[in-house]
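What follows is a short report on a single structure.
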Amino acid sequence: MAAAVAASNRRVILKCYVTGFLSEDDMEMVTAEAPPLAIPARSSAVVVKNLYISCDPYM
Numbered sequence: 001m002a003a004a005v006a007a008s009n010r011r012v013i014l015k016c017y018v019t020g021f022l023s024e025d026d027m028e029m030v031t032a033e034a035p036p037l038a039i040p041a042r043s044s045a046v047v048v049k050n051l052y053i054s055c056d057p058y059m
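Under the UniProt record's numbering, the letters of the sequence shown match residues 1 to 59, in that order.
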């Protein structure tokens, strides 16, 4: 197995159910250590890093 890579994980968490327009006060940014990322040897798997993600609260 390949060596695991240490990484951090940033999450945006909603503090409460939002009605109306979303504001920064409704969200909280939490940084934590991510689970170890490892790809088995001789595998064609890849690890992908998301740069942007969008969530539509009205869906």
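Backbone N, C-alpha and C fix where the C-beta goes; we use that ideal spot for every residue, glycine too. What you are looking at is a predicted structure, and each value in this text was computed from that prediction instead of being measured.
Secondary structure note for N50: it is in no beta strand (DSSP E), with a DSSP letter that is neither H nor E. Residue V18 holds the alpha-carbon nearest to the alpha-carbon of D56 among R10, V18 and S8. If you draw a straight line from the Cα of D25 to the Cα of R11, it comes to about 15 Å.
In the DSSP assignment, S8 falls within the beta strand (DSSP E) that extends over S8 to L14. About 6 Å separates the CB atoms of E33 and S8; that is less than 8 Å, so the two are in contact.
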